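*Asks:* Protein chains in written order, with the numbering used here: chain V, 157 to 464; chain W, 78 to 436.
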Amino acid sequence: MTMSPAAGGLAPSSTAERGARKPLLEARNISKYFGAVVALEGVSLTVRAGEINCLLGDNGAGKSTLIKTLSGVHPPDDGTLAVDGEPVTFSSPRDALNAGIATVYQDLSVMPLMSISRNFFLGNEPTIGFGPFRRFDSGKAATIAREEMHNIGIDVRDTDQLVGTLSGGERQTLAIARAEYFGARVLILDEPTSALGVKESAFVLRHAIAARNKGLGVIFITHNVQHALPIGDSFTILTRGRSGGTYRRGELTAEQLHGLMGGGSELEELQADLEMLARREEAGEDVPTVPLGVDPDAVPLGDEPPAP
Amino acid sequence: MATSTAEPASAPGSGRLREISTVQRLLAKPAAGALVIVVFVYIVFAILSVVRGNLAFLTIPGALNFVGVASQVGIIATAVALLMIAGEFDLSVGSMVGFAGIMIGICVTIWGLPIWLSILIAMALSTGLGAINGLIVVRTGLPSFIVTLATLNIIAGLSSVLTSSVTNITFISIDRAKITADPLGTIFSWKLSFVFDGATSDLFVSVVFWLAIAVLGAYVLGRTKAGNWISGVGGSPAAARNLGVPVARVKIALFMSTAFSASILATLQSMQFASADIKRGGGYELTAITMAVIGGCLLTGGYGSVAGTALGALALGMAGQGIVFASINADWYLIALGTLLLAAVILNNWIRRRFAGLR
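(1) Would residue 113 of chain W and residue 339 of chain W qualify as a contact pair, given that the criterion is a beta-carbon distance under 8 Å?
(2) Could you say which of W:349, W:147, W:126 and W:163 lies nearest to residue 310 of chain W if we only look at CA atoms?
(3) Output needed for residue 224 of chain V: all residues of its chain with C-beta closer than 6 Å, excluding positions within five of it in sequence on either side, in chain order.
(4) Name, in chain order, the residues that DSSP records as bridge partners for residue 531 of chain V.
(5) Let me know the secondary structure DSSP gives residue 416 of chain W once reduced to three states.
(6) Would residue 201 of chain W and residue 177 of chain W be called neighbours here (beta carbons separated by less than 8 Å)?
(7) Can residue 344 of chain V and residue 329 of chain V be called in contact, C-beta distance under 8 Å?
(8) Does the stretch 151 to 167 of chain W come close enough to the stretch 291 to 302 of chain W that 3 or more CB-CB pairs lie under 8 Å?
(9) Using three-state DSSP, classify residue 296 of chain V as helix, strand or coil.
(10) Of all the CB atoms in chain V, is at least one closer than 8 Å to the CB of residue 302 of chain W?
(11) Can residue 251 of chain W and residue 185 of chain W be called in contact, C-beta distance under 8 Å?
(12) What number of angstroms, rounded off, separates the C-alpha of residue 371 of chain V from the C-alpha of residue 302 of chain V?
(13) Step through the CB atoms of chain V and report whether any lies within less than 8 Å of the CB of residue 334 of chain W.
(14) Name the chain V residues that come within less than 9 Å of residue 317 of chain W, Cβ to Cβ?
(15) In chain W, which residues lie with their C-beta within 9 Å of the C-beta of residue 343 of chain V?
(16) At a CB-CB cut-off below 9 Å, which residues of chain V make contact with residue 425 of chain W?
(17) Between residue 432 of chain W and residue 101 of chain W, which are expected to be in contact by the criterion C-beta below 8 Å, what is the C-beta distance as a whole number of angstroms?
(18) Closest by CA to residue 275 of chain V, which one among V:253, V:405 and V:317?
(19) Leaving out five residues before and five after residue 219 of chain V in sequence, what residues of the same chain have Cβ atoms less than 7 Å from its Cβ?
(20) With residue 268 of chain W and residue 259 of chain W assumed to form a contact (beta carbons below 8 Å), what rounded beta-carbon distance in angstroms separates them?
(21) Step through the CB atoms of chain V and report whether any lies within less than 8 Å of the CB of residue 331 of chain W.
(22) Please list, in chain order, the residues of the stretch 235 to 251 of chain V that have any C-beta partner in chain W closer than 9 Å.
(23) Hey, out of V:237, V:341 and V:233, whose CA is closest to residue 200 of chain V's CA?
(24) Taking C-beta pairs closer than 8 Å, name the residues in chain V that residue 322 of chain W reaches, listed in chain order.
(25) How many whole angstroms separate the CB atoms of residue 180 of chain V and residue 381 of chain V, which I take to be in contact at a CB cut-off of 8 Å?
(26) Chain V beta carbons: is any one of them nearer than 8 Å to that of residue 98 of chain W?
(27) Suppose you measure from the CA of residue 317 of chain W to the CA of residue 257 of chain W; what does that come to, to the nearest Å?
(28) Going by the CB atoms, is the gap between residue 138 of chain W and residue 273 of chain W shorter than 8 Å?
(29) At a CB-CB cut-off below 8 Å, which residues of chain W make contact with residue 315 of chain V?
(30) Look up residue 124 of chain W in the DSSP assignment and give the residues it is bridged to.
(31) Quick check: what's the CA-CA separation for residue 196 of chain W versus residue 289 of chain W?
(32) Going along the chain, which residues of its own chain have a beta-carbon closer than 6 Å to the beta-carbon of residue 322 of chain W, five neighbours each way excluded?
(33) State yes or no: is the C-beta of residue 375 of chain V within less than 8 Å of the C-beta of residue 209 of chain V?
(34) Anything in the stretch 190 to 214 of chain W with a Cβ closer than 8 Å to a Cβ of chain V? List those residues in chain order, please.
(35) Identify the contact partners of residue 309 of chain W in chain V, using a Cβ-Cβ distance below 9 Å as the criterion.
(36) Beta-carbon of residue 380 of chain W versus every beta-carbon of chain V: anything under 8 Å?
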């Protein structure tokens, strides 16, 4: 495991700025094992109100295990979680929700075959009436869902419309709006942009920023450095279950982040090949359709540790 | 996605929604296909009865007849549909009907218990078995199709063992005088008789039960918190759990309700026929699923309709009795049933894509 000199902690320059904001949620030296597999070892993560912390890592780096630990799905084998500085134990996702920690999972947040308003209130249904006549207040649900969807920029004429008719970005924002409405203080977004197109990704990123501006703490999980760099206040790197350090905005370039995530050398090589091909094309030479230098079968991206 | 360049607060609209007519909105309901099927089946058998020269299908006694047939399996179909919407199957309802009936028979004739108590014991035992079905499914995480296929056989075997150990026959007669003297016996054997052209025809209480259960089921699914949970559990159990829905409790309650509705049907049949037979209810499990599927329920869960399921029961009742009225060989019933099922699935699928906007 090779690390850059800055790895292992925050740069001192940002200490004063951080002092003003109390951590909403902290993971301290979390370890999680599945049998012989080390999913996480000694990973720490902090999210403060009004900040976006991007959790970066390649596939299999342990990002999912970490957020499942933060959201009460898996109890950690070692280390502690703290909310507002107080150590807590979550025994179910409900506990985490009650502590104001809401997780928006990539594909598991909404039901495509249920209406917008029913999705919005699933598990938190408003009711009217008493005793055996207590029933789902569909009028109230529709009004609130329409309002909240409007606030995040989706105009819904008919909240009875099935969520399956919405685009991927709209579904993600529905889940974000719902989490905010039900009092989330920390929003964990699990790869919200990985299945989305460019415009839709921008739409979702915009809402992550809007949530931060409202004073929420946001943990944004991604393996896409281009999505993380413009919105992140801090960046925590995860490689093969271990922390690759936390950095403040502006401390690292995209290339350095890629390097820390473990795929940097491959991407650099690819870039060099592409530039070379472009030069040859300009010069009017024959360009092979397969890039030179890299055998696509021989180099699994991200399997190598970063170059020192 | 047209909003990506706009400020979120100004919300200019996603630009992908269009105004839709009331007709389209109705067609987007999951029961729409079942309604089309019912009308289609009625027209087909109306034409057939004219062609074959037997107009019984079109008369009120004819309607009472096919509604009575529809009500039988229709009583369990509501609960089966709700369970399917929650993403699970209950195949054991078929042998549960025989089991509950034989329990009433044993309690009344062998142990000499009053009818009302026997009915309550049979209902309690069946509902308990339903809870066991649910617990096994929830605890093991195995597909309910397999778990209830196992319990279908276990319960059928249990009924045989019980009856053969106490009576040596698989059929128990119940004294009709006892039934008419008992409050619950009276309710479950009640019928309204009409005289048309000198012939009597009956409206059985099973029709009332069928409609009442369907209305209750539709209310629960469409108007209550529990109904939202049922759809959510079927849509994605993991997501529903993350949102705080008690997934296991919802599923177990639904397995109890399918078993309970099977015991209601068993009570109606044993009171109406004044007998219990372990063979009763055989095959009902798949007929109930057929009704639910015609009614727009997806086998994969998360989507469906109780009203549609009741319409599905009506369509099968009409087809079954329509063939009898038209003096067509009864073997054709299975062909009609299979064709209806296939047509309904294709129709429902098309409607879902075309009108509910799902791809």
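We put the CB at the ideal spot given by N, CA and C, even for glycine. Please read all numbers here as calculations on a predicted model, not as lab measurements.
*Replies:* By the coordinates alone:
(1) Position 36 of the second sequence, counted from the first residue, corresponds to residue 113 of chain W. Position 262 of the second sequence, counted from the first residue, corresponds to residue 339 of chain W. Result no, Cβ atoms of residue 113 of chain W and residue 339 of chain W do not sit closer than 8 Å.
(2) To locate residue 310 of chain W, count along the second sequence from 1; it is residue 233. Residue 310 of chain W has its Cα closest to that of W:163, out of W:349, W:147, W:126 and W:163.
(3) Taking the first residue of the first sequence as position 1, residue 224 of chain V is located at position 68. Excluding sequence neighbours, residue 224 of chain V sits near 230.
(4) With chain V running from 157 to 464 in the structure shown, residue 531 of chain V is simply not present.
(5) The residue labelled residue 416 of chain W in the question sits at position 339 within the second sequence. Note: residue 416 of chain W maps to helix in three-state DSSP.
(6) For the purposes of this step, residue 201 of chain W is identified with residue 124 of the second sequence, where counting begins at 1. For the purposes of this step, residue 177 of chain W is identified with residue 100 of the second sequence, where counting begins at 1. Not in contact: residue 201 of chain W and residue 177 of chain W (Cβ atoms no closer than 8 Å).
(7) The residue given as residue 344 of chain V occupies position 188 in the first sequence. The residue given as residue 329 of chain V occupies position 173 in the first sequence. Their beta carbons are not under 8 Å apart, which means residue 344 of chain V does not touch residue 329 of chain V by this criterion.
(8) yes
(9) Walking along the first sequence from the start, residue 296 of chain V turns up at place 140. It is helical.
(10) The sequence position of residue 302 of chain W within the second sequence is 225, counting from 1. At least one chain V Cβ lies under 8 Å of residue 302 of chain W.
(11) By one-based count along the second sequence, residue 251 of chain W stands at place 174. By one-based count along the second sequence, residue 185 of chain W stands at place 108. It is a contact, given that the beta carbons lie within the stated cut-off.
(12) Here residue 371 of chain V is taken as the residue at index 215 of the first sequence, counted from 1. Here residue 302 of chain V is taken as the residue at index 146 of the first sequence, counted from 1. Computed Cα separation, rounded: 23 Å.
(13) Within the second sequence, residue 334 of chain W is the residue found at index 257, counting from 1. No, because no Cβ of chain V sits closer than 8 Å to the Cβ of residue 334 of chain W.
(14) Indexing the second sequence from 1 puts residue 317 of chain W at position 240. What residue 317 of chain W touches in chain V: 267, 278 and 279.
(15) Working through the first sequence from its first residue, we reach residue 343 of chain V at position 187. Simply none; closest approach about 14 Å.
(16) Taking the second sequence and counting its residues from 1, one reaches residue 425 of chain W at position 348. The premise fails here: residue 425 of chain W is roughly 13 Å from chain V at the closest Cβ pair, so nothing lies under 9 Å.
(17) Position 355 of the second sequence, counted from the first residue, corresponds to residue 432 of chain W. Position 24 of the second sequence, counted from the first residue, corresponds to residue 101 of chain W. Indeed they touch by this definition, with Cβ atoms about 6 Å apart.
(18) Numbered from 1 along the first sequence, position 119 holds the residue referred to as residue 275 of chain V. Out of V:253, V:405 and V:317, V:317 has the C-alpha closest to the C-alpha of residue 275 of chain V.
(19) Taking the first sequence and counting its residues from 1, the one referred to as residue 219 of chain V is at position 63. Counting only Cβ-Cβ distances below 7 Å, and skipping sequence neighbours, we find 211, 213, 377 and 394.
(20) Against the second sequence, residue 268 of chain W aligns to sequence position 191. Against the second sequence, residue 259 of chain W aligns to sequence position 182. In fact, because the Cβ distance is near 16 Å, the residues do not count as touching under 8 Å.
(21) Translated into the one-based positions of the second sequence, residue 331 of chain W becomes position 254. No, residue 331 of chain W does not count as interfacial toward chain V.
(22) 248, 249 and 250
(23) For the purposes of this step, residue 200 of chain V is identified with residue 44 of the first sequence, where counting begins at 1. Taking only the C-alpha atoms, the option nearest residue 200 of chain V is V:237.
(24) Locating residue 322 of chain W in the second sequence gives position 245, where the first residue counts as 1. Near residue 322 of chain W (Cβ distances below 8 Å), the residues of chain V are 278 and 279.
(25) Along the first sequence, read from residue 1 onward, the residue named residue 180 of chain V stands at position 24. Along the first sequence, read from residue 1 onward, the residue named residue 381 of chain V stands at position 225. Contact flag wrong, Cβ pair sits at about 25 Å.
(26) Position 21 of the second sequence, counting from 1, holds the residue named residue 98 of chain W. Taking Cβ atoms only, chain V never reaches closer than 8 Å to residue 98 of chain W, which makes this a no.
(27) Translated into positions along the second sequence, residue 317 of chain W becomes position 240. Translated into positions along the second sequence, residue 257 of chain W becomes position 180. Answer to the nearest angstrom: the Cα atoms are 48 Å apart.
(28) For this step, residue 273 of chain W is matched to residue 196 along the second sequence. For this step, residue 138 of chain W is matched to residue 61 along the second sequence. Yes. Within cutoff.
(29) Working through the first sequence from its first residue, we reach residue 315 of chain V at position 159. Residues of chain W passing the Cβ test: none, with the nearest at roughly 11 Å.
(30) Here the question's residue 124 of chain W lines up with position 47 in the second sequence. DSSP, once it has assigned bridges, lists no residue as partnering residue 124 of chain W.
(31) In the second sequence, residue 196 of chain W corresponds to position 119, counting from 1. In the second sequence, residue 289 of chain W corresponds to position 212, counting from 1. About 19 Å.
(32) Stepping through the second sequence from its first residue, residue 322 of chain W is reached at position 245. Excluding sequence neighbours, residue 322 of chain W sits near 306 and 309.
(33) For the purposes of this step, residue 375 of chain V is identified with residue 219 of the first sequence, where counting begins at 1. For the purposes of this step, residue 209 of chain V is identified with residue 53 of the first sequence, where counting begins at 1. Yes; because the gap between Cβ atoms is below 8 Å, this pair is in contact.
(34) none
(35) Stepping through the second sequence from its first residue, residue 309 of chain W is reached at position 232. Chain V residues near residue 309 of chain W: 267, 270, 274, 275, 278 and 279.
(36) Translated into the one-based positions of the second sequence, residue 380 of chain W becomes position 303. Taking Cβ atoms only, chain V reaches closer than 8 Å to residue 380 of chain W, which makes this a yes.
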